[in-house]
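Since the structure comes first, as structure tokens, the remarks are kept for the end.
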Amino acid sequence: MTTFHDLGLNEALLEAVKDMGFEHPSEVQEKTIPILLEKETDVVSLAQTGTGKTAAFGFPMLQKIDLKSRTTQGLILSPTRELCLQITQELKNYSKHMKGINVVAIYGGASITDQAKAVKKGAQILVATPGRMQDMIRRKLVNVSKIEYCVLDEADEMLNMGFFEDITEILSHTPDDKSTWLFSATMPKEVSVIAKKFMYNPEEITVGSKNAGTKNVSHEYYKVSGRDRYPALRRLADAHPDIFSVIFCRTKRDTQNVAEKLIEDGYSAGALHGDLSQNQRDMVMKSFRNKQIQMLVATDVAARGIDVDNVTHVINYQLPDEIETYTHRSGRTGRAGNQGVSMIIVTQSESRKIRTIEKIIQAKIELKKIPTGIEICETQLYSLAQKIKNTEVNKEIFNYLPKVESELNELTKEELIQRLVSVEFARFHNYYKKAKDLNSKFEDNPSEGVKHNKKDTTRYFINVGERDDYNWTKLKDFLKETLEIGKDDVFHVDVMESFSFFNTHNSFREKVLEKFTDFQLNERYINVEVSEKGPRGRGGRGNSGSKRRSYNKDGGSGGYKKKFKGSRDSVGSYDKNKRRSFDNNPDSKKKERNTSSSRRSHSGAKSSYGPKANKPGGFGRRSRS
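Take the sequence shown: its position 114, counting from 1, is numbered 97 in our numbering, and each next residue is one higher.
What follows is the structure, encoded as structure tokens:
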């Protein structure tokens, strides 16, 4: 196996490697370092974050610069302040056995005067963010006209953040014969433009495949409804008691809101986004690195400076606007040889993006179920038992044990264990004991695969849905029991937010309509109407020739406010002055809306429904045309 000594590093750097505990170079280091040491050439290196890229360009640059000269010889551009400081610190660690080395960080949010003074003392290497670097060049506070080596780190991200013009301007002040080393996780068109414009015949080094994700990261996704996104996040966190994670949101507002919710719910969480002051960002990152924060909620831009090796999970609370950004997100875990997990929370409509991501990262993303409340309680119980078992006894407690033992003396061993465990277990059990299954509404309906003759079936509309805590299995069971028919006699069950559809054979039609005449459940009228003849048509309910039945009930919450009579063989008509309530939420204010003044006859024309009530808890009917 290759060692750092085999790469050609000098004794000072090898000593630093030994001090840091490095044994063998990573793949990108093994491929890149020899080339940069042996040749004066331009290089494009494609590798995921967390693969050791800083050492890949840091060791060669440190070894090749002239320590006797105080001239600036190396320039490293990075996208964020955090990453800039991180690279600077790592270079200082690598060079601690090198006499006369001076590495200076240049970034926004700090005194430009102090940074200029540090440069003036003689800085062989500058590590800078593009914005501040351009500002200092413009003010003639730095001179990069004699640099020999220029590194563009996280090049794709710098360009995504809008630094193209800054980079172009900075490089225009550098010598044409310098060596340019470009490091990037992906190779989008913008990076190719930079390479063609400022690099001469560069050697390309690829670790893995272009744009592919790291092999140390497994990928999972979970389908939930939009309103269940945050509960799903909580469950994923609770299902992994030792989680140390970065949670990604699209906007600064969502980032702050999610972090605040987590904190309110008792989690160790923090927010990282652009609206925070530099001091606040520094404090959050310090807390995260020290594991005082267990769940860091961040935007994509703010997270660029996160370089923590032991992150166990990346959670995509929302997918990024640019799908390619997912590669960078997942690269925050699985670093330094550790295994990591990247989780994605998606709604049904977003799930199509999963296939696109798979193509980009060239890896399978596995669909998994959100853990149930019982599963989480079980996991937490076993985790607590392990913690108790592995906890080292603090000798300082010996002075207090006699009093504690006397207090617990009446308890048996079994009782003591039960009560000890219950202290922690109770808070999870109380929260999850009545928690709903977040997965069931997305499970496959077995009846989908069963073929039914379209002419022999009737499709119905029913005014209950997800808001009433129904999924297709629960609704199917309810209909089977209420109608006293076989489970297979109800099929093609589609549950929407505030209403649903189902099918039966024509032979059950009269039974269904009779059963749901003036039918009440928990003091609420349940309305069933014939929708379409076909099993799952996508036109409006009540096609030519189909018969429908409508009932307007006065059932309080969720019921219809005014009664009207409908015939089984005709479309129920509305009086234009009458109003109907579509509010199914007993805690919300009752909403009303005017109905249409007239309705079409069923003879040869589709029945028309008013638009869906755009209100919480609404049971509005919408046309399916």
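Even glycine gets a Cβ: it sits at the ideal position worked out from N, Cα and C.
*What do you reckon, are the CB atoms on Ala252 and Ile246 nearer than 7 angstroms?*
yes
*Leaving out the 5 sequence neighbours to the left and right, which residues in its chain are closer than 7 angstroms to Glu333 when beta-carbon positions are compared?*
Leu302
*Based on the DSSP secondary-structure assignment, which residues constitute the bridge partners of Ile298?*
Ile230 and Met326
*Apply the 10 Å Cβ neighbour rule to Pro670 and answer buried if 16 or more other Cβ atoms are within range, or exposed otherwise.*
The question about residue 670 has no answer, for the chain in this structure spans -16 to 608.
*Assuming Phe408 and Leu367 make a contact with CB atoms under 8 angstroms, what is their CB distance in whole Å?*
7 angstroms
*Minimum C-alpha distance to Phe411 - residue among Gly249, Cys232 and Glu203*: Gly249
*asked:* Given this structure, state the Cα-to-Cα distance separating Leu279 from Glu464, to the nearest angstrom.
replied: 47 angstroms
_Taking the straight line between their C-alpha atoms, what separation do you get for Leu219 and Ile230?_
11 angstroms
*Apply the 10 Å Cβ neighbour rule to Met266 and answer buried if 16 or more other Cβ atoms are within range, or exposed otherwise.*
exposed
*Just the C-alpha distance for Thr355 and Lys206, rounded to the nearest angstrom, thanks.*
14 angstroms
*Could you pull out every residue in the same chain whose Cβ sits closer than 8 angstroms to the Cβ of Gly257, ignoring the five residues on either side in sequence?*
Lys235, Thr282, Val284 and Ala285
_Run through the DSSP bridge pairs and tell me what Asn321 is partnered with._
According to DSSP, Asn321 bridges with nothing at all.
*Going along the chain, which residues of its own chain have a beta-carbon closer than 8 angstroms to the beta-carbon of Leu66, five neighbours each way excluded?*
Asp136, Glu137, Arg287, Gly288 and Asp290
*asked:* Could you tell me the alpha carbon to alpha carbon distance between Lys419 and Glu493, rounded to whole angstroms?
replied: 34 angstroms
*Out of Thr362, Asp439, Glu341 and Gly(-9), state which residue places its alpha-carbon closest to the alpha-carbon of Pro17.*
Gly(-9)
*Can you tell which of Phe146, Val324 and Thr308 has the C-alpha that lies nearest to the C-alpha of His223?*
Val324
*What residues match up with Phe474 in a beta bridge as DSSP calls it?*
Asn486
*Euclidean distance between Cα positions of Ser162 and Glu148*: 20 angstroms
*Is it the case that the Cβ atoms of Val615 and Lys459 are separated by a distance below 7 angstroms?*
With the chain covering only -16 through 608, there is no way to say anything about residue 615.
*Beta-carbon spacing of Gln12, Ala38 below 7 angstroms*: yes
*asked:* Is it buried or exposed, Leu394, if we count other Cβ atoms within 10 angstroms and call 16 or more buried?
replied: exposed
*asked:* Would Ile348 and Ile359 qualify as a contact pair, given that the criterion is a beta-carbon distance under 7 angstroms?
replied: no
*In its own chain, which residues sit with a C-beta less than 7 angstroms from the C-beta of Thr(-14), not counting the 5 before and 5 after it?*
His7
*Considering only residues of the segment -3 to 39, which uninterrupted alpha helix (DSSP H) runs meet the minimum length of 4 residues and lie entirely inside it, listed in chain order?*
10 to 21
_Anticipated Cβ contact below 8 angstroms, Leu56 with Asn85, distance rounded_ = Per the sequence shown, residue 56 should be read as Gln rather than Leu. Not quite, the Cβ-Cβ distance comes to about 11 angstroms (not below 8 angstroms), so this is no contact.
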